[in-house]
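Read in our numbering, the sequence shown has 415 at position 127, and its numbers run on one by one without any break.
Every residue gets a Cβ at the ideal spot worked out from N, C-alpha and C, and that includes glycine.
Computed from a prediction, not measured in an experiment: that's the story for all the values here.
Have a look at the structure below before the remarks.
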Amino acid sequence: GQQVLVFLNRRGFAPVLMCNDCGWMSQCSECDARLTFHQRYNELRCHHCGHTEARPHNCPSCNKVDLRPIGAGTERAEERLQILFPDTPVLRIDRDSTTRKGSMDALLTTIGSGEPCIMVGTQMLAKGHHFPRVTLVAILNADGGLFSADFRASERMAQLIMQVAGRAGRAGEPGRVIIQSQLADHPLLVQLSEQGYFAFAEQALSERRATGLPPFSHLALLRADALKAEYADIFLEDAYSIAEQLLEQLKLEGVELLGPITSPMERRAGRYRAQLLVQASSRAQLHRLLTPLSSNLESLASARQSRWSLDVDPIDLF
Numbered sequence: 289g290q291q292v293l294v295f296l297n298r299r300g301f302a303p304v305l306m307c308n309d310c311g312w313m314s315q316c317s318e319c320d321a322r323l324t325f326h327q328r329y330n331e332l333r334c335h336h337c338g339h340t341e342a343r344p345h346n347c348p349s350c351n352k353v354d355l356r357p358i359g360a361g362t363e364r365a366e367e368r369l370q371i372l373f374p375d376t377p378v379l380r381i382d383r384d385s386t387t388r389k390g391s392m393d394a395l396l397t398t399i400g401s402g403e404p405c406i407m408v409g410t411q412m413l414a415k416g417h418h419f420p421r422v423t424l425v426a427i428l429n430a431d432g433g434l435f436s437a438d439f440r441a442s443e444r445m446a447q448l449i450m451q452v453a454g455r456a457g458r459a460g461e462p463g464r465v466i467i468q469s470q471l472a473d474h475p476l477l478v479q480l481s482e483q484g485y486f487a488f489a490e491q492a493l494s495e496r497r498a499t500g501l502p503p504f505s506h507l508a509l510l511r512a513d514a515l516k517a518e519y520a521d522i523f524l525e526d527a528y529s530i531a532e533q534l535l536e537q538l539k540l541e542g543v544e545l546l547g548p549i550t551s552p553m554e555r556r557a558g559r560y561r562a563q564l565l566v567q568a569s570s571r572a573q574l575h576r577l578l579t580p581l582s583s584n585l586e587s588l589a590s591a592r593q594s595r596w597s598l599d600v601d602p603i604d605l606f
């Protein structure tokens, strides 16, 4: 007579459509990203730039018809749960299911009635909602933050797991949390489940102190994107040269230039992306560099062919 929350932070039916004959996979024409298959609309969507296209009947590469959705999103989880539990309402809560006016309120009213149900959804479920009847939380595919170029990925994953897990047992009823992972013995997951978030945070802070990462240093990320990759590269090379000269002129210590390098997702919305990271032991030293640097960048000829931004304390390095 209780409620269950199934968390999967991936919208759509499947993260990729693949040909079982030749291995072709649905790729966004504008980004270095796969197109997600949305079964409800029978279309492929890019969750990065918004590009959409109809689901092909035949493989665009070999013309065979054996195209299969690979992996699972909230749509697929909803479908499977409806098959497994036909007598229990399954409510999907994500950006796609709550686009119509009043749809979110209707779902929350149903949940608030206290009747048994299974909620399946994305991060929308984890934030700002009180579900007193939820006594079981299942977190699917919890491995996403274990492999990332961003040093904060594991921290964000740990916070999200704790946030979602906190939905269970909020009204005096005992709660249970199940985490699905291909790497159940990963130190991060073991530490979270056995010792809790504070033990994880202490370990993460120790590692960051040893490597000089925030909060034990200060970062600024100079991003550039352009219609051609070389335009962004030339701009950042010019920026690097100016920054080097400023470091010498101002006699700044404890400031390091890392890059320029191609962004983790090189192409997004038809534009090529690259970045230059500035790391400093002191915030004052960082700003002593950034103030004259940004002024110099505005007058660069190469800036006319690129869009650029300077992000202090970047939330991500993507």
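- Every unbroken stretch of the alpha helix (DSSP H) spanning 4 or more residues and falling wholly within the region 425-498 is given here in chain order: 441-453 and 475-483.
- Under the DSSP assignment, Pro552 falls outside any alpha helix (DSSP H), being part of the beta strand (DSSP E) whose first and last residues are Val543 to Arg556.
- Per DSSP, the continuous alpha helix (DSSP H) segment holding Arg364 begins and ends at Thr362 to Leu372.
- Here the alpha carbon of Glu331 sits roughly 38 Å from the alpha carbon of Leu524.
- Assignment of Gln567 by DSSP, reduced to helix, strand and coil, places it in the strand class.
- For the 7 Å CB-CB criterion, Arg455 and Val425 form a contact.
- Beta bridge pairing from DSSP links Gly409 with Phe295 and Ile381.
- According to the DSSP secondary-structure assignment, Thr324 is paired through a beta bridge with Arg333.
- Cβ-Cβ separation between Cys334 and Ala321: approximately 6 Å, consistent with a contact (criterion under 8 Å).
- In this model, Ala453 and Leu493 are separated by some 23 Å (Cα to Cα).
- Taking a 10 Å sphere around the C-beta of Ile449, we find 16 or more other C-beta atoms and assign the residue as buried.
- The shortest CA-to-CA distance from Ser349 to any of Ser314, Glu341, Val465 and Pro357 is the one to Ser314.
- When the alpha-carbon of Ala512 is set against those of Leu585, Gly409 and Cys310, the nearest one is in Leu585.
- In the DSSP assignment, no residue is bridged to Arg592.
- Under the 10 Å beta carbon count, Asp601 is surrounded by fewer than 16 other beta carbons and is classified as exposed.
- For Glu341, the uninterrupted beta strand (DSSP E) run begins and ends at Thr340 to Ala342, by DSSP.
- Pairing Leu545 with Ala557 gives a Cβ-Cβ distance that is not under 7 Å.
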